[in-house]
Every structure is written in C-alpha cells, then in structure tokens.
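All remarks here apply to the structure that follows.
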Amino acid sequence: MTEVDTRELRYFIAVAEELHFGRAADRLGIAQPPLSRAIRRLEHRVGARLFDRTGRGVRLTAAGEVLLAEGRAALDAVSAAVRRARRAGRPRRSLTLVMKPGGDAGLLPAILAAYAARPGAAAVDLVFSQSERAAMLRDGRADVGLLHHPQNDLTGLDTEPLRTERRVAALAEGHPLAARATLSLADLAGEPMAQWPEAAERGNGPRVEEAGQMWQLVVLGRAVALVTESAAERPYRGVVYRPVTDAAPATLVLAWPAESRSRDVAEFTAAARAALAPALTGQT
C-alpha cells in the first residue's frame, strides 16, 4: 500500500469534521474538485471507503471513524516532533517545564537545584497553565510537567510520582458545611463543584480557568472546590478548609511524553527522583 502523506490526512480530517465537502474546501482554502479527488486517492491508498456519500451530505464509515481518531493522533505526533526538533536545534539548550501556579507542593526548588548541579544541565524555562499542561506535553510545547493523578488525564505520558496528598474541601466561611470538622463526598453531593478544563473529574459547578477565579467564586458561595492539603496551606481570605475523608488522594507527578528520547528529560527526572528520595521513602 502506498504511504499516506500529512496533506491528505489534513484534507480528510477537515471533511470528517465538517461532513460537507464544500465547507471543508472553504476551511482549507482550496476548491472543492481537487479536495474530492484527494479524498478518492486517499480511499484508494487505504483500500477502504472512508465516507458514505448521500444526497444529504456525507457520513463517516467504520474505516473513516478509525482513520479520524488515528489520523488526528498522527498529525499531533508530527507537529510535536517538529516542535521538539526545532527547540533542540536552538543554540541555547533548554528544557521547558509546564505547571500551574503554586502546583508544585513546594517541591520544585529542591528539584531545580538538584538538576542544576548535574554536569551539562540545560536551562529550565518555566511556563504556566491551568488548563493545557497535559496537552502541551503531548503536542511538544513542553518537555516535562507537573500534573496530578488521577485528576488529570495522563494518556500518552510517562510519570514519576513525587508526593501524595489528601484533599480538602474549600468552602466560604459562611457555608453551612463549614461548621463541620470533617466532610464526606456525600456531604458535597449537589454542591456547585468548580470544574477545571483538564480535570478527569467532572463537577456540576462553574467552569474555572485560573485559581483566582476559583477562590473568588468560593468566597461568594458560588462554588466549592476540592484542593490538596498543600494548596490549603496558602490561606485565602474568606475561605475555610475541611478534610474530605473519602476523597481520592491526589498524587503530584512529574510527567513527560511516553515517546521521549531526550537525554535532558531523563536527567531531569533522575534529578527529581534523587532530590526527593528521602521524602518519598518516608511516605505512607
């Protein structure tokens, strides 16, 4: 079978998402006839029909559904490879670490110091994101990141556990539940739980994009939030914290792309492991 090129995949994905050749052609900035010919060539290369064409439009076949999922992943992998190669070719060697503000449980200074002490350590550039950390690792915008398990989707990533913490509920001072010493998940059922875009958990409360927004909503009684114990160590005026006895703990992990062959990533991971070894050994 002849190999499929990335241009054909982009054309196919546009049609698959629009389910209309005319709209897909407009989106791609090309005429419809060459787009139709490209899709027919692609179907010939694949050896299967990708679309059912009807008078009302088009719909994906079973083969098309598979190619859409795999094709997206393939294009993402190509884009990630180009980004990583571009960074590797720069005169200044650097490692990009993505995290959310305050999301290191106080561990990052020791990790950075341990890595900097290694011969040939690259410069570490910090970038911050509340909602795209895993995506940035997958698409090559970042090399390593700090995420939480099982709260974040770690598909396609390798991880090194750093610290496991219990979680507490953040409530407005005047919230009825604030009078209790401890809470359960059943106590929080029906409460407007703040939702992060990246989180695998889904609440029924407002969607939040950054921490300041979440804290303000909690203070106003518009949301409650489950946060780690280390987050609760940073008081916020008008917010109280109560342990949630049956909430799944959160494990802070160092994450990187599973296919990474970067020596700098391997060295950074080893430095993190060495720096935190005493604390990790003492964890229960």
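Take the sequence shown: its position 280, counting from 1, is numbered 302 in my numbering, and each next residue is one higher. C-beta: ideal position from N, C-alpha, C; glycine also.
Beta-bridge partners of residue i, as assigned by DSSP
{"i": "Met215", "result": "Val246"}
{"i": "Tyr308", "result": "Look at the range of the chain in this structure, 23 to 306, and you will see that residue 308 is not part of it."}
{"i": "Asp180", "result": "Trp278"}
{"i": "Phe150", "result": "Met121"}
{"i": "Gly79", "result": "Thr76"}
{"i": "His171", "result": "Thr273"}
{"i": "Val166", "result": "Leu119"}
Reference residue i, options the options, closest by Cα
{"i": "Ala102", "options": "Phe290, Trp278 and Glu65", "result": "Trp278"}
{"i": "His42", "options": "Phe73, Thr28, Glu65 and Arg62", "result": "Phe73"}
{"i": "Arg185", "options": "Gly125, Ser58, Ala99 and Leu242", "result": "Gly125"}
{"i": "Ala60", "options": "Arg78, Ala201, Arg32 and Val266", "result": "Arg32"}
{"i": "Asn226", "options": "Leu82, Ala91 and Leu248", "result": "Leu248"}
{"i": "Gly212", "options": "Glu231, Pro183 and Val246", "result": "Val246"}
{"i": "Met236", "options": "Asn174, Leu57, Ala192 and Gly178", "result": "Ala192"}
{"i": "Glu154", "options": "Ala138, Arg189, Val146 and Pro123", "result": "Pro123"}
{"i": "Val80", "options": "Ala132, Arg283, Gln217 and Ala36", "result": "Ala36"}
{"i": "Leu64", "options": "Leu90, Asp48 and Gly77", "result": "Leu90"}
{"i": "Val166", "options": "Gly44, Glu30 and Ser284", "result": "Ser284"}
{"i": "Glu255", "options": "Ala216, Glu187 and Pro219", "result": "Glu187"}
{"i": "Gly146", "options": "Gly128, Met121 and Ala156", "result": "Going by the sequence as given, residue 146 is Val instead of Gly. Nearest C-alpha to Val146: Met121."}
{"i": "Arg71", "options": "Arg49, Ala47, Phe34 and Asp98", "result": "Phe34"}
{"i": "Leu97", "options": "Asp286, Ala288, Glu40 and Glu30", "result": "Glu30"}
{"i": "Ala157", "options": "Leu239, Leu82, Asp48 and Ala95", "result": "Ala95"}
{"i": "Ala127", "options": "Leu168, Leu239 and Pro257", "result": "Leu168"}
{"i": "Arg299", "options": "Leu129, Arg115 and Ala46", "result": "According to the sequence shown, residue 299 is Ala rather than Arg. Here the closest residue by C-alpha is Leu129."}
{"i": "Arg259", "options": "Ala194, Gln173, Gly93 and Val88", "result": "Ala194"}
C-beta neighbour in chain C for residue i, strict 8 Å
{"i": "Ile35", "result": "The structure shown has no chain C; it contains just one protein chain."}
Cβ-Cβ distance between residue i and residue j below 8 Å
{"i": "Arg136", "j": "Ala297", "result": "Position check: residue 136 holds Ala in this sequence, whereas Arg was assumed. Yes, these two residues count as a Cβ contact at 8 Å."}
{"i": "Val241", "j": "Val262", "result": "no"}
{"i": "Asp180", "j": "Ala280", "result": "yes"}
{"i": "Gly178", "j": "Gly243", "result": "no"}
{"i": "Arg67", "j": "Val100", "result": "no"}
{"i": "Glu182", "j": "Thr273", "result": "no"}
{"i": "Ala144", "j": "Leu119", "result": "no"}
{"i": "Arg264", "j": "Arg202", "result": "yes"}
{"i": "Gln54", "j": "Gly69", "result": "no"}
{"i": "Ile133", "j": "Ala294", "result": "yes"}
{"i": "Pro228", "j": "Pro219", "result": "no"}
{"i": "Glu289", "j": "Arg109", "result": "no"}
{"i": "Leu239", "j": "Ala216", "result": "yes"}
Classification of residue i by the beta-carbon crowding that lies within 10 angstroms, buried from 16 upward
{"i": "Ala84", "result": "exposed"}
{"i": "Thr306", "result": "For Thr306, the predicted structure reports a pLDDT of 42, less than 50, and the residue's modelled location is therefore unreliable. A value from the coordinates is still provided. Label assigned to Thr306: exposed."}
{"i": "His19", "result": "Because residue 19 is not part of the residues shown, which for the chain are 23 to 306, the question remains open."}
{"i": "Thr28", "result": "exposed"}
{"i": "Met23", "result": "Here Met23 scores only 42 on pLDDT, less than 50, and its place in the model is too uncertain to base an answer on."}
{"i": "Val190", "result": "buried"}
{"i": "Val275", "result": "buried"}
{"i": "Gly86", "result": "buried"}
{"i": "Gly77", "result": "exposed"}
{"i": "Ala107", "result": "exposed"}
{"i": "Gly142", "result": "exposed"}
{"i": "Ala138", "result": "exposed"}
{"i": "Val287", "result": "buried"}
**Item:** Sufficient close CB pairs (3 or more, under 8 Å) joining the stretch 135-155 to the stretch 250-257
**Value:** no
Segment contact flag, the stretch 226-242 with the stretch 156-174, C-beta cutoff 8 Å, min 3 pairs: no
> When the Cβ atoms of the stretch 193-212 are set against those of the stretch 257-276, are three or more pairs found closer than 8 Å?
Replying inline: yes
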